[in-house]
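Quick note on my numbering: the sequence shown kicks off at 1181 and runs consecutively.
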Amino acid sequence: MTTTPANFRDDIHRVDFLSPYASPKADASTLIDLGGRQIESLDGPWHFAIDPNDQCLRARWFEEKYTDDQGRPLPMNFSFDEWEEVPVPSCWNVLESEWMWFEGSGVYVRDLDFQPGGPGERVFLRFGGAAYAGYVFLNGDYLGWHRGGSTPFCFEVTGKLGATNRLVVVVRNAREVENVPTNNFDWFNYGGLHRGVGLVRLPATFVKAASVTLVPDGSFSTVAVSVTVDGAERDGQAQVEIPELGLTGLVDVSGGVGGAEFQVTPELWSPENPRLYDVVVRYGSDVWSDRVGFREIRVDGREILLNGSPVFLRGVCCHEESDTHGRSLTEEEIRDTFRIAKDMGCNFMRLAHYPHSGATSRIADEVGILLWEEIPVYWAIMFDSPDTLADADNQLRELILRDRNRASVIIWSVGNENADTDARLAFMSGLVDTCHDLDPTRLVSAACLVNPVIPAISDRLVDKLDIIGVNEYYGWYDPDFTKLPALFENSHPSKPVIITEFGADATPGLHGDTGQLYTEDHQQQVYQHQIEVLSTIDYIKGTTPWIFYDFRCPRRTHVLQGYYNRKGLLSPDKTHHKLAYTTMQNWYQSMM
Ligand code: GCU
């Protein structure tokens, strides 16, 4: 057994500095589905510094021990209250030029005044997202950590808050091979508290989660309500109200869970008619509420049925990025993206390759855009690692718990472009099962690679999927366009196919002949050839070309890329429409 040397000092000798923080961990089991409930925002200015050597975690800065046991002052390598202030939510990469490429620990600090509420009140901290992992300390004590950079998490702080409090959050966006995604991916590695932070006050027993969805049985008149409560009163009745439908119903809750179905005839939600209803679930003194749309999405053979009618998903892929705010998009930026997408003729968007913000799916509910939501099981993650699977599965559960009341979300995607190995098949088949277990009302897919030699759709995962996503780049990565029709002639899917990626790079404003790579003219020709073929394949029920707008990408160093992936139909700020935008718009509008 190794003994600790007499001169051991933790902060400079401990190599594995993260293991002391391995638990507790916030995950889907501790996440509270707020629904539309309000929270006390902690957004705004926080003190911040980058911490390239992870000193806050190594030397336990969060304990703030400014004197020794005899009260003599000690030298510190930090000064929380004198650090510069940054806005939360934000990504540090876009705040200071010297932070642009920083990957590691960022330390956020703020004070928090607190007045306790009534008896039995329970209090929680809720984070909308911390990329990639967040370690949370309250008044010098470790609350725990969360991993998975794009999903919300909560910590209970009941009884831990005084009149004034110190909150320290270490956010680490270091790329680790065991992470989801792993340490190699084709987008920019933003870091920070990039989504909102807040305080939630709830009664001693409260509604932890509720789902209110149309049962996909073709009747369009059966609403299933499930309720989970947290607290001592785990047996009782919840009251469900949908006033505009004249519904007031009871749900028996036993052991903290309950469910019931009710016969109602809602006006169905669709992109053309994004009808939302106020829903209330009461349990004891708690009131959960949300605005919910009722729609049905099903597969019938090789058709996708929205509210019983075949639908073609006129989509486009999109990263969660604004040139100005990185991953912390404003509501205006989100609405702007959806507006331009609808102008292009879209009724659908593939939110690549990780969960976008909860605001995004809520706005999609309002404006009427169908969504594909995805977890970043991307390329070559550690498919043989149980811990990596646990991370992926938890991100998926948190995403589903957050968005399962969003009518706009019709497809959960368990990943993108993964090599068809036995380990990957087992790993992703398990994720598909998680989706179907947690949410029988939506479809499950993944963006699969094609067999480049034959060519054919031959990924073994497709047997588990409701819809087959296919990424193909004929005309770009494979210049041989004759393989595109061959791909479909060689494939005989029994279920709908969405072409989840095709495209080509084009530097905005660069023109030349159609044979010249990186010109808008070449990109437009690729789109024209693609559409000529895709429009003839009857089992293709959707397309989401790659990608709506150019995005930052460290892998793209060609002088005409400039650390951007230039496959956008728009420039990064969405002000410039490339020639291919109109090509895509003409095709989609011809279907409307
Ligand atoms: C891949 C991948 C994308 C990537 C794109 C590209 O298919 O899914 O994330 O950005 O192709 O190479 O531009």
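Using N, Cα and C, we set each Cβ at its ideal position, and we do this for glycine too.
These figures come from a predicted structure and were not determined experimentally.
- Shortest gap from the CB of residue 1598 to any heavy atom of ligand 1: 6 Å or more.
- Straight-line spacing of the CA atoms in residue 1631 and residue 1369 works out to 29 Å.
- Shown here, residue 1367 sits in coil according to DSSP, grouped into three states, outside any helix or strand.
- One thing to note: residue 1507 has its Cβ no nearer than 7 Å to the Cβ of residue 1733.
- Proximity of the beta carbon of residue 1366 to ligand 1 is indicated: a heavy atom of the ligand is located closer than 6 Å.
- Along the stretch 1607-1668, the beta strand (DSSP E) occurs as fully enclosed runs of 3 or more residues at 1623-1629, 1648-1651, listed in sequence order.
- Relative to ligand 1, residue 1681 has its C-beta within less than 6 Å of a heavy atom.
- In this structure, the C-beta of residue 1745 approaches ligand 1 to less than 6 Å from one of its heavy atoms.
- Ligand 1 never approaches residue 1319 closely enough for any of its heavy atoms to be under 6 Å from the residue's Cβ.
- Relative to the non-hydrogen atoms of ligand 1, the Cβ of residue 1651 comes within a distance shorter than 6 Å of at least one.
- In this structure residue 1673 is in contact with residue 1637, their Cβ atoms being roughly 6 Å apart against a cut-off of 8 Å.
- No Cβ-Cβ contact shorter than 7 Å links residue 1215 with residue 1545.
- Beta-carbon to beta-carbon, residue 1228 and residue 1288 are separated by about 5 Å, close enough to satisfy the 8 Å threshold.
- In this structure, the beta-carbon distance from residue 1587 to residue 1473 falls below 7 Å.
- Scanning the stretch 1490-1541 from its first residue to its last, the whole beta strand (DSSP E) runs of 3-plus residues come out as 1528-1531.
- Approximately 6 Å separates the beta-carbon atoms of residue 1335 and residue 1206; this is inside 8 Å, confirming the contact.
- In this structure residue 1627 is not in contact with residue 1669, their Cβ atoms being roughly 22 Å apart against a cut-off of 8 Å.
- Residue 1371 and residue 1414 have their alpha carbons spaced roughly 39 Å apart.
- Contact between residue 1226 and residue 1265 holds: their C-beta atoms lie close to 7 Å from each other, under 8 Å.
- By the Cβ-count criterion, residue 1257 is exposed, with fewer than 16 other Cβ atoms from all chains shown falling within 10 Å of its own Cβ.
- From the listed residues 1241, 1763, 1602, the smallest Cα separation to residue 1318 is found for 1241.
- As DSSP reads the structure, residue 1443 sits in a beta bridge with 1402.
- Three or more beta-carbon pairs separated by less than 8 Å are not found between the stretch 1445-1465 and the stretch 1495-1507, which leaves the two stretches without contact.
- Taking a C-beta distance under 7 Å as the contact criterion, residue 1309 and residue 1375 qualify as a contact pair.
- Measuring C-alpha to C-alpha distances from residue 1405 to each of 1489, 1429, 1386, 1412 identifies 1429 as the nearest.
- By DSSP's assignment, residue 1327 forms a beta bridge with 1313.
- In the three-state scheme derived from DSSP, where H, G and I count as helix and E and B as strand, residue 1274 is classed as helix.
- Selection 1259, 1385, 1749 evaluated against residue 1299 yields 1385 as nearest (Cα-Cα).
- Annotated as distal: residue 1551 and residue 1487, with beta-carbon spacing of 7 Å or more.
- Excluding five sequence positions before and after residue 1583, the CB atoms of its chain that fall closer than 6 Å to its own CB belong to 1541, 1589, given in chain order.
- If you draw a straight line from the Cα of residue 1492 to the Cα of residue 1484, it is about 7 Å long.
- Here the alpha carbon of residue 1292 sits roughly 6 Å from the alpha carbon of residue 1346.
- Excluding five sequence positions before and after residue 1199, none of the CB atoms of its chain fall closer than 7 Å to its own CB.
- About 4 Å separates the CB atoms of residue 1707 and residue 1760; that is less than 8 Å, so the two are in contact.
- Within the stretch 1182-1221, the alpha helix (DSSP H) runs of at least 4 residues that lie entirely inside it are, in chain order, 1190-1193.
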